[in-house]
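Asker: Numbering (my numbering), first residue to last: 43 to 338.
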C-alpha cells in the first residue's frame, strides 16, 4: 500500500507507506525519489536548501515546500515566537528602505518644488491631512518630494497612500509615484513608476512606467474624483513582471510594458506627490498617510 492513511489493524507494513509517515534524513535532496507528502530533513547544504531545513513534497509531487511554522508574534527571543522583531529589523537594517507615516503627516517630510509663494503644503487642522493647494491662479503647481538614499529598481518595492483630490476635475493634473516627474517639467524616460491623472486626456488615473528608454501609460479606468472621499492608492514594482496599481479595494490593474528593472532613483527624487491647476480654480490633494518599502 502506498498511501499515507492511518494503518489498519493487522495491516502489513509497506515501505512506501512508512516513508510517507516518517521523516527521512537526506544528504542530497536532489537525488531523492520522493513520494507526495514525504518529509525530509536536510543533513547538509544542498542547492537552495540548507542543513536542518525541514521540507516536504507537495501533494502533486511537483515541488518542495517548507513545513509551516505555527502562528507567532516575535515578542520574545524564542523559536516558538519566531525571535524578536527587533532582531529582524536590526539584521536587515541596511537591506531595505522603509518609510511609514500613517499618522500626523506634516509638510516637513517633503522638499517642495513650487510655482510661486502662493502654493502651500501644510497640515490642515480641519481634515487632519497634509494639504497640497495650488491656489486659484492659472498654471500654479506644487510637487512634494521625498529625498534620501536611492531606491533600486532591481528589487521589489511598494508605496501606498491615503489620498483625496478636491476641486473641479477640469483643467487639473495630478501625480504620485517613484521618481515621477515634477509638475514643472516635461515627461521623460528615466526609470520610474506611478500614477497620474490629466483632465486633457480623460481624467482617469493612468498607470505610468519608464524603463530608461521609453515612458508609457495605461488607463486604469479608475476616475479622479473631484471632492470624492478618501481612497487608498497602492503601486507596486513586481520586478520584470508588472507595475500593479490598486485603487481602494478594487482588483489591481497591471501594466507589463516599459518596466523599470535596472538602476536606482536619484537621491533627490525617491517619491513624490504633485498637483497643478491650468485654470483659475484651486485644486488640492489631501494626504493622510504614506508608506513605502524598497531596497537601496
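Here a beta-carbon is modelled for each residue, glycine too, at the ideal position from N, C-alpha and C.
Can you grab the Cα-Cα spacing for the pair residue 306 / residue 77, in whole Å?
Answerer: Each residue's alpha carbon lies about 45 angstroms from the other.
Asker: Between residue 316 and residue 232, how many whole angstroms is the CB-CB distance? I'm expecting something under 8 angstroms.
Answerer: Contact flag wrong, Cβ pair sits at about 15 angstroms.
Asker: What span of residues does the beta strand (DSSP E) with residue 325 cover, start to end?
Answerer: Looking at the DSSP string, residue 325 is not in any beta strand (DSSP E), and its letter there is neither H nor E.
Asker: Please classify residue 334 as buried or exposed, where buried requires at least 16 other C-beta atoms within 10 Å of its C-beta.
Answerer: By the 10 Å Cβ count, residue 334 comes out buried.
Asker: State buried or exposed for residue 131, treating a residue as buried only when at least 16 other CB atoms are found within 10 Å of its CB.
Answerer: Exposed: under 16 other Cβ atoms inside 10 Å.
Asker: Ordered along the chain, which non-local residues of its own chain (more than five positions away) have a Cβ less than 7 angstroms from that of residue 236?
Answerer: Within the same chain, residue 236 has close Cβ partners 217, 218, 219, 220, 222, 250 and 277.
Asker: For residue 275, does the count of other Cβ atoms within 10 angstroms reach 16, so buried, or fall short, so exposed?
Answerer: Buried, by the Cβ-count rule.
Asker: Which two residues bound the contiguous alpha helix (DSSP H) that contains residue 133?
Answerer: Counting along the chain, the alpha helix (DSSP H) containing residue 133 begins and ends at 127–133.
Asker: Thinking C-beta only, is residue 164 closer than 7 angstroms to residue 149?
Answerer: Cβ atoms of residue 149 and residue 164: closer than 7 angstroms.
Asker: Suppose contacts are defined by Cβ-Cβ distances below 7 angstroms. Is residue 284 in contact with residue 296 by that definition?
Answerer: Yes.
Asker: Should residue 175 be flagged as near chain C, meaning a C-beta pair shorter than 7 angstroms?
Answerer: Among the chains in the structure shown there is no chain C, since it carries only a single protein chain.
Asker: Determine the direct distance from the alpha carbon of residue 294 to that of residue 65, and round the result to whole angstroms.
Answerer: Each residue's Cα considered, the two are about 41 angstroms apart.
Asker: Residue 247 and residue 264 - do their beta-carbons sit closer together than 7 angstroms?
Answerer: In this structure, residue 247 lies closer than 7 angstroms to residue 264 by Cβ.
Asker: So what does residue 156 bridge to, in DSSP terms?
Answerer: Paired residue(s): 184.
Asker: Between which two residues does the alpha helix (DSSP H) carrying residue 60 extend?
Answerer: Unbroken alpha helix (DSSP H) run through residue 60: 57–63.
Asker: Compute the beta-carbon to beta-carbon distance between residue 174 and residue 318, rounded to the nearest angstrom, for a pair I have assumed lies under 8 angstroms.
Answerer: Going by Cβ atoms, the distance from residue 174 to residue 318 rounds to 10 angstroms, so no, they are not a contact pair.
Asker: Look at the Cβ atom of residue 169, then the Cβ atom of residue 287, and state whether they are nearer than 7 angstroms.
Answerer: No, these two residues do not count as a Cβ contact at 7 angstroms.
Asker: Would the beta-carbon of residue 40 fall within 7 angstroms of that of residue 167?
Answerer: For the chain, the structure presents residues 43 to 338; residue 40 sits outside this window and is missing.
Asker: With distances taken from CA atoms, which of 113, 279 and 224 is nearest residue 199?
Answerer: Answer by Cα proximity: 279.
Asker: Do residue 84 and residue 343 come within 7 angstroms of each other at the CB atom, strictly closer than that value?
Answerer: Given a span of 43 to 338 for the chain in the structure shown, any question on residue 343 remains unanswerable.
Asker: Would you report the Cα separation of residue 338 and residue 311, rounded to the nearest angstrom?
Answerer: Cα-Cα distance, rounded: 13 angstroms.
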